[in-house]
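Novice: Keeping their order, the protein sequence lines are chains S and B.
Each residue of the first sequence is one higher than the one before, counting from 1 in UniProt numbering.
Each residue of the second sequence is one higher than the one before, counting from 1 in UniProt numbering.
There are 2 protein chains.
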Amino acid sequence: MTHWVSDLEKLLPAGTRRDLSDAYITEPRGQWSGSAGAVLAPRSVDEVSQILRFANARGIPVVPFGGGTGLVGGQTLPGGTPIVLSLERMRAIRAVYPAENVLVAEAGAVLADVQKAAVEADRLFPLSLASEGSARIGGLLSTNAGGVNVLRYGNARDLTLGIEAVLPDGQVIHGLKRLRKDNTGYDLRQLLIGSEGTLGVITAASLKLFPQPAASGAALLAVPDPAAALDLLALALARGGVSAFELISGQGLRFLVEASLPIRIPLDPVPDWSVLIDIGLGPGGDPADWFNALFAEAMEAGLSKDGVVALSEAQRTELWAVRESIPLANRAIGAVVSNDISLPLSEIPVFLEDCKARLRAMSDVRINAFGHLGDGNLHYNLFPAPGRSKSDYAHLSEALREIVTDEVVRRDGSFSAEHGIGRLKVGELERYGDSGKLSAMRAIKTSIDPMGIMNPGAVLR
Amino acid sequence: MTHWVSDLEKLLPAGTRRDLSDAYITEPRGQWSGSAGAVLAPRSVDEVSQILRFANARGIPVVPFGGGTGLVGGQTLPGGTPIVLSLERMRAIRAVYPAENVLVAEAGAVLADVQKAAVEADRLFPLSLASEGSARIGGLLSTNAGGVNVLRYGNARDLTLGIEAVLPDGQVIHGLKRLRKDNTGYDLRQLLIGSEGTLGVITAASLKLFPQPAASGAALLAVPDPAAALDLLALALARGGVSAFELISGQGLRFLVEASLPIRIPLDPVPDWSVLIDIGLGPGGDPADWFNALFAEAMEAGLSKDGVVALSEAQRTELWAVRESIPLANRAIGAVVSNDISLPLSEIPVFLEDCKARLRAMSDVRINAFGHLGDGNLHYNLFPAPGRSKSDYAHLSEALREIVTDEVVRRDGSFSAEHGIGRLKVGELERYGDSGKLSAMRAIKTSIDPMGIMNPGAVLR
């Protein structure tokens, strides 16, 4: 192996090869770890092209590496990665076009930096998620990242106007268009987005910006049940301006206390179900009026009797802290099984009922269901009963996961709403995926990457 | 040929074969015509699958046929189409889910019928274009249709949650998901959308619905020039609620008179440039207030001094009639060259200047530039000078078209913004398309359709 590494190094500028560190070969939850032949951090699309051409000619596997924050093991090849291709040195914001609502960023740009560049141009880049301080644009696109603002602005796929990318044989796709409409051939942009580094390497993207809302606000409203939350969602959407609509379970709020997080729960008693609604309005819009009108409608329809509205930015941040602390509490308590699922909206209430009944028939796990209700996307996680530990459930965890996936799939839901397939869910994709789709995916993979060098074992075996 | 037709006919229910009529083998502008071995109109995805499996085994070309309204010849195989596969009998609205804002329609459903089904559920399906009375969902998706509401709601690609489709070998992709988030493998939906029937046949789609705006309005505002129109666009977008933002040239308005169309032009004098702004607001929104505030800002910034606001539906329809009559006037006068282009927004003013100067240096053509400014998408059409006729320019038309395409491409624009490639623009795609993209497209085409039966000659030669 050493031989080709030094050959490849000679082709590239000094400094391209990086020291190997754990960050490149482990993943955040410690479920995968590996080793690496060489970590290479090219500085340009041409250098990426050179590396891939070299690897393709010799059949050397390449794993593209962004911020390393993925949760399904797409960034780590167990057993060792010959080439870790890190985009960390391609982090330029190449250009901002405020009048066009477009920003062009390289794949290594950190999401928080892209958000900041947008704000400096008095614009909004709405992609927002927990790992935004370290996740990079290339990884976010290759996994079609979601987050809290998908309801209004869409996921990474929807926010991308064009990409620059390198195919496995080193050919470059120059597709950094700043166009809203372009019907000139197959949409390779959307094929590469979400392909998790198995078809090529995205090196830059032109991204959509939006006007910043003139006024924002948030509210936490208690609702009697998930069906009421959905009715409330419809009322809120009809008013316009909804950026996020998050479901919070009483279990999630009680976990904040159990995990001793310094978070004040603003509703008393703690409701079994509540929703966090975030809005951004145009000039002249008044968040207080907006929430008052919604709450009046909700009261009238029996959808909510209690709530708290945040009108200052400080209050809004405080409400969001409740929502954002739930994953922290989850981690502190330790999930037996975590799921990132989506369902047709109207199936959610019955799913929650049926799935809980089946799980409870098998086990005393506690269920924390929460997340992006507006998108039909829930994080549906199972935890040990009080006084018991995760290891007590080791023998059950597969069976419990299967119940959840089964209840999701039979309702035409998704067993991976925003995290992707990576290496974690390859088996589930084989088992639950549509055979026509899988067969077309395999044909495409073989045609674009005949040597099979790109992120082998991710998405497809 | 007759032999396989009768073999195939025997496999299918009686009535599947339709009488051949001109509609199946000509296109709206009469630029292509052909013949057909058999017109088949299956009633189910299984029948579509049977037809493709049969054709694939024998290498018989198939041209999928929707409403036949495409403008680039994608629906007609010159020299004769062995199988015209018409979706006309698969026109069911399979289901409407108002609470989910989802509608599932078969490929043969006419757009106007889908819009109507949405309205009956108190929802909006926002795809809207001139041919909506005959264009069918399958064709609209396979060409990624645009239209007037793309600015707010996106094009066909953005409005599609999932598809059911048949691959050339007869395999069915069951992808009618009603999910907003689903990261389980390559996005075949987006690959098939916009592939113009060259990779398979879309048989049904789950489509996004939206709340109907509580209040709507429109205004026609005179602007000094296209740069001012773009500044006005930014002000309008910051207010939220903009559904359409259309540029109208003085030439276009004068054509309405020249073509003797019964349309009153509501601004006097006729402005060299004007914009039609259409808005839809949520509950409590007041279109009069909205336009007053925008017009005050526009006056202050020197962006507009004259305009007319339509607040009743009758007035709004009247304003839209001005915009929608421009293509009719164009047809009456007869274009020398028509272009469907898009540009990065900020390039539009200088494009309009430069392109006009180059065209005028060669010819006395009149230019009518109009269309979806909010999307950077203009219909940029050239017409004979007064007193001259189209045939006077026959020797120049290719050179004139080349100037326009050249000015578009060097500014990173698109030579086919919403109409697609079809057969008309295959040469332009080869000449101006990115070589990496073309090479990947060819690899994908070969992998999915190795026998080359699907719409041969469209998009790729």
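Beta carbons: idealized from backbone N, C-alpha and C, even for Gly.
Report, in whole angstroms, the separation of the C-beta atoms of Met-118(B) and Ser-86(B), which I expect to be a contact under 8 Å.
Specialist: Going by the sequence as given, residue 118(B) is Ala instead of Met. Not confirmed; about 24 Å, so no contact.
Novice: Specify, as a first and last residue, the run of the beta strand (DSSP E) that Ala-105(B) falls within.
Specialist: It spans 102 to 106 - the beta strand (DSSP E) in which Ala-105(B) sits, taken as one unbroken run.
Novice: Does residue 466(S) get closer than 7 Å to chain B when you measure Cβ to Cβ?
Specialist: Residue 466(S) lies beyond the range of chain S shown here (1 to 461); nothing can be said about it.
Novice: Would you please verify whether the beta carbon of Arg-136(S) is less than 7 Å from any beta carbon of chain B?
Specialist: No, Arg-136(S) does not count as interfacial toward chain B.
Novice: Beta strand (DSSP E) containing Ile-453(B): first to last residue?
Specialist: Ile-453(B) -> no beta strand (DSSP E), and no H or E assigned at all.
Novice: Among Leu-378(S), Glu-407(S), Arg-17(S) and Asp-406(S), which has the Cα closest to the Cα of Gly-147(S)?
Specialist: Ranking the options by Cα distance to Gly-147(S), first place goes to Leu-378(S).
Novice: So which residues of chain B does Glu-100(S) contact, with C-beta pairs closer than 7 Å?
Specialist: Those are Pro-344, Leu-345 and Ser-346, listed as they occur along chain B.
Novice: Which bits of chain S does Pro-283(B) rub up against, with CB to CB less than 8 Å?
Specialist: Ala-238, Arg-239 and Ala-293, listed in chain order.
Novice: So with CB distances below 8 Å, who are the chain B contacts of Gln-50(S)?
Specialist: Those within 8 Å of Gln-50(S) in chain B number zero; the least Cβ separation is about 15 Å.
Novice: Just to confirm before moving on: does the CB-CB distance between Ala-156(S) and Ile-202(S) stay below 7 Å?
Specialist: No, these two residues do not count as a Cβ contact at 7 Å.
Novice: Could you pull out every unbroken beta strand (DSSP E) segment of at least 3 residues lying fully inside the segment 142 to 222 of chain B, listed in chain order?
Specialist: Segments of the beta strand (DSSP E) lying fully in the segment 142 to 222 of chain B: 160 to 166, 172 to 175 and 201 to 208.
Novice: Where does Phe-65(B) fall in DSSP's three states?
Specialist: Correct three-state label for Phe-65(B): strand.
Novice: Measure from the alpha carbon of Gln-212(S) to the alpha carbon of each residue in Ala-238(B), Gly-422(B), Ser-274(B) and Ala-205(B), then state which is nearest.
Specialist: That would be Ala-238(B), whose Cα lies nearest to the Cα of Gln-212(S).
Novice: On the DSSP letters alone, give me the boundaries of the alpha helix (DSSP H) that residue 471(S) sits inside.
Specialist: Outside the shown range of chain S (1 to 461) lies residue 471(S), about which nothing can therefore be said.
Novice: Quickly, what does DSSP pair Ile-367(S) with across the bridge? List them, please.
Specialist: Paired residues: Leu-382(S).
Novice: Report the residue ranges of all beta strand (DSSP E) runs contained in full by the segment 238 to 269 of chain S; include only those spanning at least 3 residues, in chain order.
Specialist: Entirely contained in the segment 238 to 269 of chain S, the beta strand (DSSP E) runs reaching 3 residues are, in chain order, 242 to 249.
Novice: What does the alpha-carbon distance come out to for the pair Trp-32(B) and Val-223(B)?
Specialist: Roughly 40 Å separates the two Cα atoms.
Novice: Run down chain S in chain order and give the residues with a C-beta less than 7 Å from the C-beta of Ile-263(B).
Specialist: What Ile-263(B) touches in chain S: nothing, since even the nearest Cβ is about 27 Å away.
Novice: Hey, how far is the Cα of Val-45(B) from the Cα of Arg-17(B)?
Specialist: Looking at the two C-alpha atoms, the distance is approximately 16 Å.
Novice: Rounded to whole angstroms, how far is the Cβ of Gly-194(S) from the Cβ of Asn-144(S), which I believe are closer than 8 Å?
Specialist: Indeed they touch by this definition, with Cβ atoms about 4 Å apart.
Novice: Figure out for me which residue from Gly-433(S), Glu-318(S) and Leu-77(S) has the closest Cα to the Cα of Asp-406(S).
Specialist: Nearest of Gly-433(S), Glu-318(S) and Leu-77(S) to Asp-406(S), Cα basis: Gly-433(S).
Novice: Am I right that Ala-443(S) and Ser-447(B) are in contact with their C-beta atoms under 8 Å? What's the rounded C-beta distance?
Specialist: Confirmed, Cβ separation roughly 4 Å.
Novice: Are the CB atoms of Tyr-393(B) and Val-336(B) within a distance shorter than 7 Å?
Specialist: Cβ atoms of Val-336(B) and Tyr-393(B): closer than 7 Å.
Novice: Under the assumption that Ala-36(S) contacts Val-84(S) (Cβ atoms under 8 Å), give the Cβ distance between them as a whole number of angstroms.
Specialist: Sure, about 5 Å apart at Cβ, within 8 Å.
Novice: Answer yes or no: does any C-beta atom of chain B fall closer than 7 Å to that of Lys-208(S)?
Specialist: No, because no Cβ of chain B sits closer than 7 Å to the Cβ of Lys-208(S).
Novice: Given a cut-off of 7 Å on the beta-carbon distance, is the pair Leu-129(B) and Phe-210(B) in contact?
Specialist: Not closer than 7 Å, so no.
Novice: Exposed or buried, which one is Val-257(B) when buried takes at least 16 other CB atoms within 10 Å?
Specialist: Counting Cβ neighbours within 10 Å, Val-257(B) comes out exposed, since fewer than 16 surround it.
Novice: Looking at chain S, which residues of the segment 408 to 432 of chain B have a Cβ within less than 9 Å of any of its Cβ atoms?
Specialist: Those residues of the segment 408 to 432 of chain B that come within reach of chain S (Cβ to Cβ, closer than 9 Å) are Asp-412, Gly-413, Ser-414, Phe-415, Ser-416, Ala-417, Glu-418, His-419, Gly-420, Ile-421, Lys-425, Glu-428, Leu-429 and Tyr-432.
Novice: Output the boundary residues of the alpha helix (DSSP H) element that contains Trp-32(B).
Specialist: Where Trp-32(B) is concerned, there is no enclosing alpha helix (DSSP H), given that its DSSP letter is neither H nor E.
Novice: Is it the case that the Cβ atoms of Ile-137(S) and Thr-76(S) are separated by a distance below 7 Å?
Specialist: No, Cβ-Cβ distance for Ile-137(S) and Thr-76(S) is not below 7 Å.
Novice: Going along the chain, which unbroken runs of the alpha helix (DSSP H) with 4 or more residues stay wholly within the segment 270 to 295 of chain S?
Specialist: If we require 4 residues or more, the segment 270 to 295 of chain S turns out to have no alpha helix (DSSP H) run fully inside it.
Novice: When you compare each of Arg-29(S), Glu-196(S), Leu-359(S) and Glu-47(S) to Pro-13(S) by their alpha carbons, which one comes out closest?
Specialist: That would be Glu-47(S), whose Cα lies nearest to the Cα of Pro-13(S).
Novice: Arg-136(S) bridges to which residues according to DSSP?
Specialist: According to DSSP, Arg-136(S) bridges with Val-110(S).
Novice: Using 8 Å for Cβ pairs, my map puts residue 520(S) next to Phe-370(S). What's the rounded Cβ distance?
Specialist: Limits of chain S in this structure are 1 at one end and 461 at the other, which puts residue 520(S) out of reach.
Novice: Quick check on the burial criterion: 16 or more other C-beta atoms within 10 angstroms. Buried or exposed for Arg-431(B)?
Specialist: The residue is exposed, with fewer than 16 neighbouring Cβ atoms inside 10 Å.
Novice: Span of the alpha helix (DSSP H) holding Ile-333(S)?
Specialist: Here the alpha helix (DSSP H) through Ile-333(S) covers 313 to 333.
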